[in-house]
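Q:
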Amino acid sequence: MKLRRMQRLNHFPAMTCIAHKCQLARNINRLRQALPEEFDFHPETFNLPVDRQAFEACVSEVEGSSGKRKAHTFIIKPDDGACGQGIFLTRKGGEGPSGLAC
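For the sequence shown, the positions run 1 to 102 when my numbering is used.
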């Protein structure tokens, strides 16, 4: 690819690996498995609907065996959202917008 004299390139190759929420979360989760001590700064992340079972298990674990709910809030962000649009907060695993895809 050849740029003209006045053209500027503002993208780096393979930038989608960190620019899209789903791919960034997937990559950080992989790094967390390989290097847990170095990647403990990021909250546990699930790509829905692919990780739905793991998300439901996490919600059940948070609720605990006694059924008392801890004050945990889950943030659901659509991959194609921008400027905060489509963000959904929930305390239950079954809630959330339908049609999420990664």
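Just so it is clear, CB atoms sit at the ideal spot from N, CA and C, and this is done for glycine as well.
Should Phe46 and Phe39 be called a contact, given that it needs their Cβ atoms to be closer than 8 Å?
A: Going by beta carbons, Phe46 and Phe39 fall outside the 8 Å limit.
Q: Taking C-beta to C-beta, are Cys22 and Asp79 nearer than 8 Å?
A: yes
Q: With 16 as the cutoff for other CB atoms within 10 Å, does Phe74 come out buried or exposed?
A: Phe74 should be labelled buried.
Q: Pick out whichever of Gly86, Phe88, Ile76, Lys92 has its Cα sitting closest to the Cα of Ala25.
A: Ile76
Q: Going straight from the alpha carbon of Arg30 to that of Pro43, what length do you get?
A: 13 Å
Q: Indicate the three-state DSSP secondary structure (helix, strand or coil) for Thr45 in the structure shown.
A: In the structure shown, Thr45 sits in coil (DSSP, three-state: anything other than H, G, I, E or B).
Q: Looking only at its chain, what residues have a beta carbon closer than 8 Å to the beta carbon of Ile28, apart from the 5 residues adjacent to it on each side?
A: Phe39, His42, Thr45
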